[in-house]
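Below is one structure, written out as structure tokens, with a few remarks after it.
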Ligand SMILES: [Zn+2]
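Numbering (this note's numbering), first residue to last: 1 to 349.
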């Protein structure tokens with residue numbers, strides 16, 4: 001099998017656009033629309049949305065006796081306004097699983113119900129060292145001790161309400177994207193990195209005049225971070241699903257930022273052995289240096305589909321992401337390896 005060339009510049013362009021489009025789970029319309037817009041230029045693709053708001057892409061294959069799917073998620077961690085505090089600041093509730101200290105000091109955007117945006121920062125309630133001394137260090141980072149300081153003149157709940165802010169408004173954390181020497185440092189690489197990999201794989205096949213061997217569904221899901229993203233949206237005759245999501249890098253892990261990883265087990269148990277073996281074989285065949293790993297605290301959209309009753313083979317691949325669900329980082333090498341692996345899978349018998 002000879003692989004089509006992957007357009008690395010396009011991959012990074014799409015990744016940057018996605019990262020700079022806020023999409024906390026529950027508020028993913030813009031990121032889904034951006035992805036849809038990018039795919040609209042390919043007349044061979046049929047695009048639709050699930051009622052839940054995910055993007056479904058149907059890509060005709062040479063055959064459809066064992067239809068395939070790939071999924072990546074466009075939703076990210078974030079927060080919602082839980083209360084407007086008497087001092088005019090905002091108490092938040094988390095969207096997705098993360099620790100408050102990972103976003104402490106970060107800039108954020110509040111999306112009001114009327115479509116306005118306000119800027120602010122995520123801060124400890126006792127943030128000033130000159131006022132609170134040791135408490136800045138000692139205070140537990142929990143929902144009660146973290147607040148949004150708005151960049152607006154308000155010292156009371158009433159003044160904040162006049163700004164248009166209400167309980168339930170979505171709050172997005174700044175991605176703080178920086179690309180240096182192949183490294184991509186940003187929040188929300190999970191899982192926008194993999195959405196960009198799928199887009200780059202589509203472009204590579206299209207530009208080379210190639211089509212998948214099997215009819216393939218691409219599901220860009222929008223509720224992964226809360227556990228049920230890809231639970232629905234696949235055709236009933238689906239035979240196998242490759243989830244494309246970040247690999248967990250850290251102490252004890254084989255994954256790193258320069259490779260794609262095949263995950264064989266995570267919190268949801270082992271993935272499908274035969275499909276995993278085929279993916280390993282493909283990587284060996286085309287010369288992708290990959291890692292095999294187990295993620296100790298991790299669940300994927302493939303398992304969401306299994307739990308929802310999906311009777312298909314499920315496997316998981318993705319680029320290594322350091323400091324996941326914190327200020328993340330990966331490398332172009334891992335993104336390209338993941339994209340090549342996806343292209344190889346699409347073109348494989
Ligand atoms: Zn993810």
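Note that CB positions come from ideal geometry on N, CA and C, so glycine has one too.
**Request:** Please check the pair residue 17 and residue 34, which I expect to be a contact at CB under 8 Å, by giving their CB distance rounded to whole angstroms.
**Result:** That pair is a contact at about 6 Å.
**Asked** Anyone know if the C-beta pair for residue 97 and residue 108 falls short of 8 Å?
**Response** The answer is no: Cβ separation not under 8 Å.
**Request:** Look up residue 112 in the DSSP assignment and say whether it is helix, strand or coil.
**Result:** Residue state, collapsed to three classes: coil.
**Prompt:** Nearest to residue 103 by CA position, among 92, 52, 113 and 68, is which residue?
**Reply:** When only C-alpha atoms are compared, the closest one is 92.
**Item:** For residue 227, the nearest candidate out of 268, 86, 130 and 337 (CA to CA)
**Value:** Its Cα nearest to that of residue 227, the residue 268 stands out among 268, 86, 130 and 337.
**Asked** Just checking, does the region 43 to 63 make contact with the region 208 to 219 on the three C-beta pairs under 8 Å criterion?
**Response** Touching, per the Cβ criterion.
**Request:** Check the DSSP bridge columns for residue 263 and list the partner residues they point to.
**Result:** Partner(s): 293 and 316.
**Request:** Check the C-beta distance from residue 262 over to residue 280 and give it rounded, since I have them as a contact under 8 Å.
**Result:** With 8 Å as the limit, residue 262 and residue 280 qualify as a contact, their Cβ atoms being about 6 Å apart.
**Message:** Assuming residue 4 and residue 204 are in contact, meaning their beta carbons sit under 8 Å apart, how far apart are those beta carbons, in whole angstroms?
**Reply:** Confirmed, about 4 Å.
**Item:** Minimum length 4: unbroken alpha helix (DSSP H) runs contained in the region 122 to 184
**Value:** With a minimum length of 4 residues, the continuous alpha helix (DSSP H) runs that stay inside the region 122 to 184 are 129 to 132, 135 to 138 and 157 to 162.
**Request:** May I have a chain-ordered list of the beta strand (DSSP E) segments no shorter than 3 residues that lie completely inside the region 174 to 235?
**Result:** Entirely contained in the region 174 to 235, the beta strand (DSSP E) runs reaching 3 residues are, in chain order, 178 to 180, 183 to 186 and 214 to 221.
**Prompt:** Thinking C-alpha only, which one of 188, 169 and 235 is nearest residue 309?
**Reply:** Taking only the C-alpha atoms, the option nearest residue 309 is 235.
**Alpha carbon of residue 302 to alpha carbon of residue 208, nearest angstrom** = The straight-line gap from Cα to Cα measures roughly 29 Å.
**When 321, 206, 112 and 184 are compared against residue 371, the one with the closest alpha-carbon** = As displayed, the chain neither begins before 1 nor continues past 349, which places residue 371 out of reach and without an answer.
**Asked** What do you reckon, are the CB atoms on residue 293 and residue 253 nearer than 8 Å?
**Response** Yes, Cβ-Cβ distance for residue 293 and residue 253 is below 8 Å.
**Asked** Considering only residues of the region 12 to 66, which uninterrupted beta strand (DSSP E) runs meet the minimum length of 3 residues and lie entirely inside it, listed in chain order?
**Response** Contiguous beta strand (DSSP E) elements confined to the region 12 to 66 occur at 46 to 49 and 55 to 59, taking only those with 3 or more residues.
**Prompt:** With a CB to CB cut of under 8 Å and the five nearest residues on each side skipped, what residues in its chain are close to residue 111?
**Reply:** 22, 27, 117, 169, 170, 171 and 172.
**Contact under 8 Å by Cβ, residue 342 with residue 198** = Pairing residue 342 with residue 198 gives a Cβ-Cβ distance under 8 Å.
**Request:** Could you tell me the boundaries of the beta strand (DSSP E) in which residue 79 lies?
**Result:** Residue range 78 to 84 is occupied by the beta strand (DSSP E) that includes residue 79.
**Request:** Compute every distance between the C-beta of residue 257 and the non-hydrogen atoms of ligand 1, then say whether any falls below 7 Å.
**Result:** With a cut-off of 7 Å, the C-beta of residue 257 is classified as distant from ligand 1, since no heavy atom of the ligand falls inside that distance.
**Message:** Suppose contacts are defined by Cβ-Cβ distances below 8 Å. Is residue 320 in contact with residue 259 by that definition?
**Reply:** Cβ atoms of residue 320 and residue 259: closer than 8 Å.
**Message:** Going by beta-carbon coordinates alone, are residue 244 and residue 272 separated by less than 8 Å?
**Reply:** Taking a C-beta distance under 8 Å as the contact criterion, residue 244 and residue 272 do not qualify as a contact pair.
**Message:** Following a CB-centred definition, is residue 328 positioned closer than 7 Å to any heavy atom of ligand 1?
**Reply:** The answer is no for residue 328.
**Asked** So is residue 328 buried or exposed if we call it buried at 16+ other beta carbons inside 10 Å?
**Response** Counting every other CB atom within 10 Å of its CB across the protein chains shown gives residue 328 a total of 16 or more, marking it as buried.
**Message:** If you follow the beta strand (DSSP E) that residue 90 is in, where does it begin and where does it stop?
**Reply:** Secondary structure note for residue 90: its beta strand (DSSP E) is the uninterrupted segment 90 to 95.
**Item:** Three-state secondary structure (DSSP) of residue 257
**Value:** Taken through DSSP and simplified to helix, strand or coil, residue 257 comes out as coil.
**Prompt:** Taking DSSP as the reference, what is the three-state secondary structure of residue 273?
**Reply:** Correct three-state label for residue 273: helix.
**Request:** Would you check if the distance between the CB atom of residue 239 and the CB atom of residue 72 is smaller than 8 Å?
**Result:** Taking 8 Å as the Cβ cut-off, residue 239 and residue 72 do not qualify as a contacting pair.
**Message:** So the candidates are 316, 146 and 337; which of them puts its Cα closest to the Cα of residue 69?
**Reply:** Nearest of 316, 146 and 337 to residue 69, Cα basis: 316.
**Asked** Among 100, 296 and 242, which has the Cα closest to the Cα of residue 274?
**Response** In terms of Cα proximity to residue 274, the closest of 100, 296 and 242 is 242.
**Message:** I'd like to check one pair, residue 122 with residue 95: are the Cβ atoms closer than 8 Å?
**Reply:** Residue 95 is not a Cβ neighbour of residue 122, given a cutoff of 8 Å.
**Item:** Boundaries of the alpha helix (DSSP H) in which residue 244 is found, first to last residue
**Value:** Taken as a continuous stretch (DSSP letters only), residue 244 belongs to no alpha helix (DSSP H), being part of the beta strand (DSSP E) at 240 to 244.
**Request:** Go through the residues and name those whose CB comes closer than 6 Å to any heavy atom of ligand 1, in chain order.
**Result:** A residue is listed when its beta-carbon falls short of 6 Å from at least one non-hydrogen atom of ligand 1; in chain order these are 73, 190, 191, 224, 245 and 246.
**Item:** Same chain, Cβ closer than 8 Å to residue 101, neighbours up to 5 away in sequence not counted
**Value:** Excluding positions up to five away in sequence, the list reads 141.
**Item:** Minimum C-alpha distance to residue 99 - residue among 11, 124, 200 and 113
**Value:** Considering only alpha carbons, the answer is 124.
**Item:** Whether residue 25 touches residue 225 by CB criterion (8 Å)
**Value:** Cβ distance < 8 Å, so residue 25 and residue 225 count as in contact.
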